[in-house]
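The numbers in UniProt numbering rise by one with no breaks, and the one at position 81 of the sequence shown is 81.
What follows is a set of notes on a single structure, which appears directly below.
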Amino acid sequence: RIESYSCKMAGDDKHMFKQFCQEGQPHVLEALSPPQTGGISPSRLGKSLGGDEEGPLSDKCSRKTLFYLIATLNESFRPDYDFSAARSHEFSREPSLNWVVNAVNSSLVSALGEDFSSLKPDLWNAVDEEICLSECDIYSYNPDLDSDPFGEDGSLWSFNYFFYNKKLKRIVFFTCRSISGYTYKRADVGSELDMDLEEEIEDDEPSHVGGDWPSMMCT
Numbered sequence: 001r002i003e004s005y006s007c008k009m010a011g012d013d014k015h016m017f018k019q020f021c022q023e024g025q026p027h028v029l030e031a032l033s034p035p036q037t038g039g040i041s042p043s044r045l046g047k048s049l050g051g052d053e054e055g056p057l058s059d060k061c062s063r064k065t066l067f068y069l070i071a072t073l074n075e076s077f078r079p080d081y082d083f084s085a086a087r088s089h090e091f092s093r094e095p096s097l098n099w100v101v102n103a104v105n106s107s108l109v110s111a112l113g114e115d116f117s118s119l120k121p122d123l124w125n126a127v128d129e130e131i132c133l134s135e136c137d138i139y140s141y142n143p144d145l146d147s148d149p150f151g152e153d154g155s156l157w158s159f160n161y162f163f164y165n166k167k168l169k170r171i172v173f174f175t176c177r178s179i180s181g182y183t184y185k186r187a188d189v190g191s192e193l194d195m196d197l198e199e200e201i202e203d204d205e206p207s208h209v210g211g212d213w214p215s216m217m218c219t
């Protein structure tokens with residue numbers, strides 16, 4: 001799922017932001033967790049691609065930015081989930097655009113195989129046209145299992161990336177999960193299914209290591 005959100009606050013957003021800032025001023029920096037993509041902290045890399053901050057500041061973001069990330073999650077997953085209690089340590093700032101693109105591509109290739117190869121250029125071109133990727137700070141949401149909207153049984157992997165263009169005052173949210181086909185057959189997910197990647201497995205074929213794998217799908 002790829003969605004674009006404006007960061008221009010109005011009405012209820014302004015009220016929520018005022019309440020959020022009771023715990024700290026908008027420009028106060030909040031510590032983030034190290035990024036999972038690439039396994040290297042941005043503070044050791046210096047500037048992240050498209051970022052203004054150097055050194056240790058790359059592992060932090062302002063409370064105003066944190067509010068935008070939380071508000072994006074709330075809007076994307078409402079009414080099923082409320083992320084108002086999310087804390088800064090559940091988010092990371094990613095070190096580079098290339099690493100995020102490679103991480104997303106690797107995940108989708110693992111689920112879609114060669115079918116993703118033809119889709120990949122159009123996908124990233126569309127995202128770039130909407131948000132201008134080279135000007136973005138990139139954040140990810142990495143919650144614990146209790147807070148993860150994709151933490152149910154059968155989930156193989158998931159990712160939640162925010163491409164934040166401060167100049168455009170816009171965030172593109174890119175979220176995806178892969179679940180076992182065995183789990184999906186028992187679950188009623190209705191119209192939530194975006195791509196069915198189920199592979200047929202012969203019932204009479206013996207099971208062996210490296211042989212039949214559970215079917216997967218990406219939603």
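C-beta atoms are modelled at their ideal positions from N, C-alpha and C, and glycine is treated no differently.
- Residue pairing of Asn165 in beta bridges, as defined by DSSP: Arg170.
- Cα atoms of His15 and Ile171: separation of roughly 20 angstroms, rounded to the nearest angstrom.
- Residues of the same chain with their beta carbon placed closer than 6 angstroms to that of Asn125 are lacking, with the five preceding and five following residues left out of the count.
- Per DSSP, Glu94 is not a residue of any beta strand (DSSP E), being assigned neither H nor E.
- The Cβ atoms of Lys60 and Glu94 lie no closer than 8 angstroms to each other.
- With a cutoff of 8 angstroms on beta-carbon distance, Phe159 and Val104 are scored as near each other.
- Judged by DSSP secondary structure, Asp137 falls within the beta strand (DSSP E) whose first and last residues are Asp137 to Tyr141.
- Counting of Cβ neighbours within 10 angstroms places Asp137 among the buried residues, the total reaching 16 or more.
- Considering only Ser107, Cys21 and Cys132, the residue with the shortest C-alpha distance to Thr175 is Ser107.
- In the structure shown, Tyr5 falls within a strand segment according to DSSP collapsed to helix, strand and coil.
- Annotated as distal: Leu97 and Phe162, with beta-carbon spacing of 8 angstroms or more.
- Residue environment for Ser134: exposed (fewer than 16 other C-beta atoms within 10 angstroms of its C-beta).
- For Leu32 against His89, the beta-carbon gap comes to about 7 angstroms, under 8 angstroms, which counts as contact.
- Proximity to Leu168 across Arg177, Asp144, Ile131 and Ser140 peaks at Ile131, based on C-alpha coordinates.
- Counting along the chain, the unbroken alpha helix (DSSP H) around Ala71 starts and ends at Arg63 to Phe77.
- In the structure shown, Ala85 falls within a coil segment according to DSSP collapsed to helix, strand and coil.
- For Glu129, the enclosing alpha helix (DSSP H) has its first and last residue at Asp115 to Ile131.
- In this structure, the alpha-carbon of Gln22 lies about 19 angstroms from that of Asn74.
- In chain order, Lys169 place their CB closer than 7 angstroms to the CB of Lys8, counting only its own chain and leaving out the 5 sequence neighbours on each side.
- Listed in chain order, the non-local C-beta contacts of Asp13 below 7 angstroms within the same chain comprise Ala71, local neighbours out to five positions each way being set aside.
- Residue pairing by DSSP puts Ser33 in a beta bridge opposite Ser92.
- Under DSSP, Asn160 shares a beta bridge with Thr175.
- Checking the DSSP bridge columns, you'll see Lys60 partnered with Ala31.
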